[in-house]
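S.K.:
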Amino acid sequence: MYDSQVIIVGAGPTGLSLAIELARRSIAFRLIDVAEGPAPGSRGKGIQPRTLEVFEDLGVISSILEAGTPYPRVRVHLGPLSIRLGSLGGRKQATEGVPYPNLWLVPQYRTEEILRHRLTQLGGRVEFGAAFDRVSASERGVEVHLSTGEVVTAEYLVGCDGGHSSVRKVLGLALRGEALGTEAAFVADVKVEALDHTDWHVWPLAKGGAIGLCPLPEPSFFQMMSPREPAEGIELAVRRVSGCQVTQIGWSSMYRPAIRMVDHLRMGRIFLAGDAAHLHPPTGGQGLNTGVQDAYNLGWKLAHVLRGGPESLLDTYEAERLPVAAAVLGLSKQIYRTRSLKRGDATNQLRIHYRTSMLSLGKPLGRLHPGDRMPDVRCADGTRLFDAMRGTHATQLTTRDGTRILIRPDGYIASIGTQPVAAFAGEPTHRVNGSATNLRRS
Ligand SMILES: Cc1cc2nc3c(=O)[nH]c(=O)nc-3n(C[C@H](O)[C@H](O)[C@H](O)COP(=O)(O)OP(=O)(O)OC[C@H]3O[C@@H](n4cnc5c(N)ncnc54)[C@H](O)[C@@H]3O)c2cc1C
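Counting from 1, position 376 in the sequence shown corresponds to residue 468 in the working numbering; the numbering is continuous, with no gaps.
So, in structure tokens, the structure goes:
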């Protein structure tokens with residue numbers, strides 16, 4: 093007998109999302125974190141359109157929208173001149189297929205707070221003050237030693253313990269890649285009185301290194317970013333460029349921008365997800381988003397296998413997510429190097445697909461391929477497909493021309509065809525009717 097079915101190490105956005113996925117499927121898990129309490133800091137503040145769809149499914153979208161703002165426009169200050177550029181986040185109208193088309197700004201501590209609250213609603217919790225120390229694994233389970241002295245047995249372990257991941261180190265997996273630049277960059281949450289709180293202010297030629305101040309949802313608060321820690325101190329550096337007074341420093345940190353990833357996400361009964369497996373520079377806003385989507389890919393598969401589904405389903409986690417991590421890192425590197433403000437559709441993560449996965453079967457329908465993200469569409473009864481998909485089940489959409497589309501619990505198309513499709517054995521499947529014409533347009 094095991095103490096738990098899954099032990100999750102690390103309660104950042106990745107670990108919390110995974111815990112929610114397991115909690116809503118009634119899988120027994122422990123979620124431990126070395127920190128004594130919630131992490132402060134705005135850090136990963138850009139939530140991409142695909143992650144907003146995931147958050148809709150996880151039941152937190154209204155809280156996330158309430159807690160955030162659209163991305164501000166960038167205002168570049170060059171001596172006495174200031175030039176107002178576009179926004180990194182886009183200003184597109186929602187469409188039937190893409191209900192959340194733009195990047196949404198939420199400080200990471202708020203996103204984590206909202207996810208923790210959802211987890212509590214589902215009966216789960218974070219065990220703070222408990223660090224992963226070491227693990228011994230057998231064919232049938234893992235024995236995890238915690239810093240508290242407790243030894244927990246579980247069927248699976250998932251390391252969501254961030255860039256310095258102890259789980260990754262214990263597995264002997266290296267994060268391969270490169271550091272971007274030689275110095276540690278600086279980030280802080282600062283309250284600046286009397287500075288315009290509409291735009292993202294950038295002083296590229298500031299003495300001692302560029303300074304950026306991005307407005308956060310809290311009045312007068314900004315996320316300050318600079319390629320190095322200001323030698324003269326935060327207050328003086330901000331006053332020198334903006335003429336305004338810093339009245340509070342909420343949190344500050346240094347980080348070394350890098351592009352690195354592991355070459356395996358699974359070793360037997362142990363998995364890696366999020367920053368533990370791939371490290372992104374902040375440019376492009378991909379790190380948190382990729383971690384949440386790792387968790388969203390792995391959660392339903394773990395639950396399915398723990399309920400008796402074939403173990404081989406778990407191999408598809410690495411097969412599907414490793415190429416995504418590599419592609420996203422390539423994109424982040426390009427954005428970092430070019431410093432481009434243009435994002436287009438490349439960064440919104442809506443086009444991520446699993447077309448080459450062994451789970452993707454059948455022929456394309458219009459622009460939709462097996463393995464693609466299923467877009468939202470109107471069903472025959474006028475309701476939204478995303479409403480029918482919300483929850484832990486698979487969904488089968490049958491169109492008037494007899495085409496059947498089977499949608500995985502994580503919203504990707506498993507199969508398209510005219511023959512009845514066997515859903516993932518034992519996975520509950522909701523059935524809805526739609527129009528093939530709408531789908532061909534999407
Ligand atoms: C300045 C900045 C801006 C950024 N902007 C964006 C952005 O706009 N969009 C975006 O998507 N991403 C952004 N990121 C990246 C984002 O912050 C990370 O990708 C994200 O935090 C990764 O989440 P995670 O849950 O995988 O890991 P983490 O958030 O690092 O969480 C790991 C957790 O594991 C715990 N832990 C560590 N070791 C142990 C142990 N031994 N035992 C138990 N627990 C342990 C830690 O306490 C922590 O709570 C930004 C980052 C920075 C620094």
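C-beta atoms are modelled at their ideal positions from N, C-alpha and C, and glycine is treated no differently.
The structure displayed is predicted, hence computed values, not measured ones.
How about the region 322 to 339 and the region 251 to 259: do they share at least three Cβ pairs that are nearer than 8 Å?
M.R.: no
S.K.: Identify, in the order they occur along the chain, each residue of the same chain with its Cβ nearer than 7 Å to the Cβ of A323, setting aside the five sequence neighbours on each side.
M.R.: G300
S.K.: Just to confirm the assignment: which complete beta strand (DSSP E) runs, minimum length 3, are found wholly within the region 310 to 372?
M.R.: 313 to 318, 337 to 347, 350 to 353 and 362 to 364
S.K.: Hey, which unbroken runs of the alpha helix (DSSP H) at 4 residues or more fall wholly within the region 164 to 213?
M.R.: Scanning the region 164 to 213 from its first residue to its last, the whole alpha helix (DSSP H) runs of 4-plus residues come out as 200 to 213.
S.K.: As a quick exercise: from D468, E519, F516 and H485, pick the residue whose alpha carbon is nearest that of S527.
M.R.: Nearest neighbour of S527 by Cα position, chosen from D468, E519, F516 and H485, turns out to be D468.
S.K.: Can F224 be considered in contact with ligand 1, in the sense that its beta carbon sits closer than 7 Å to one or more heavy atoms?
M.R.: yes
S.K.: Can you tell me the Cβ-Cβ gap for I112 and L211, rounded? I've got them flagged as a contact below 8 Å.
M.R.: 5 Å
S.K.: Tell me which residues share the same chain as L297 and place their Cβ nearer than 7 Å to its Cβ, disregarding the 5 neighbours each side in the sequence.
M.R.: L170
S.K.: Considering only heavy atoms of ligand 1, does any lie closer than 7 Å to the CB of S318?
M.R.: S318: no, Cβ never under 7 Å from ligand 1.
S.K.: For I175, count neighbouring C-beta atoms within 10 Å of its own C-beta (all shown protein chains included) and say buried if the count is 16 or more, exposed if not.
M.R.: exposed
S.K.: Would DSSP call I499 helix, strand or coil?
M.R.: strand
S.K.: Report the residue from G458, H485 and L489 whose alpha carbon sits nearest the alpha carbon of A472.
M.R.: L489
S.K.: At a cut-off of 7 Å, is D281 close to ligand 1 when judged by its beta-carbon and the heavy atoms of the ligand?
M.R.: no
S.K.: Just confirm the distance between the C-beta atoms of V234 and A246, as a whole number of angstroms; I'd bet it's less than 8 Å.
M.R.: 6 Å
S.K.: Between the Cα of G151 and those of S109, R358, R476 and V354, spot the shortest distance and give me the residue it belongs to.
M.R.: S109
S.K.: What three-state label does DSSP hand I119 in the structure shown?
M.R.: Residue state for I119 is assigned as coil, using DSSP reduced to three classes.
S.K.: So the beta strand (DSSP E) F147 belongs to, where does it begin and stop?
M.R.: From DSSP, F147 is part of no beta strand (DSSP E) but of the alpha helix (DSSP H) over P141 to L150.
S.K.: Leaving out five residues on either side along the sequence, give the residues of the same chain with a beta carbon under 6 Å from the beta carbon of L453.
M.R.: P462 and S507
S.K.: Given this structure, state the Cα-to-Cα distance separating T448 from G400, to the nearest angstrom.
M.R.: Spanning the alpha carbons of T448 and G400 requires a straight line of approximately 25 Å.
S.K.: Going by C-alpha to C-alpha distance, which of G269, D125 and Y201 sits closest to A223?
M.R.: D125
S.K.: Hey, quick one: how far does the alpha helix (DSSP H) through V416 stretch, first residue to last?
M.R.: D407 to T430
S.K.: Where does S239 fall in DSSP's three states?
M.R.: Here S239 sits in coil by DSSP.
S.K.: Check whether the region 356 to 363 touches the region 271 to 290, counting contact only when three or more Cβ pairs, one atom from each stretch, lie closer than 8 Å.
M.R.: The region 356 to 363 and the region 271 to 290 do not touch, with fewer than 3 CB-CB distances between them shorter than 8 Å.
S.K.: In three-state terms, what does DSSP make of D386?
M.R.: DSSP places D386 in helix when its eight states are reduced to three.
S.K.: Quick check on E204: buried or exposed, where buried means 16 or more other Cβ atoms within 10 Å of its Cβ?
M.R.: buried
S.K.: Specify, as a first and last residue, the run of the alpha helix (DSSP H) that D479 falls within.
M.R.: L477 to M481
S.K.: Along the chain, where does the beta strand (DSSP E) containing E270 start, and where does it finish?
M.R.: R268 to A271
S.K.: Which same chain residues end up closer than 8 Å to R500 when comparing Cβ atoms and leaving out the 5 residues on each side of it in sequence?
M.R.: W392, L451, A486, A506 and F516
S.K.: Is it buried or exposed for R443, if we count other Cβ within 10 angstroms and need 16 for buried?
M.R.: exposed
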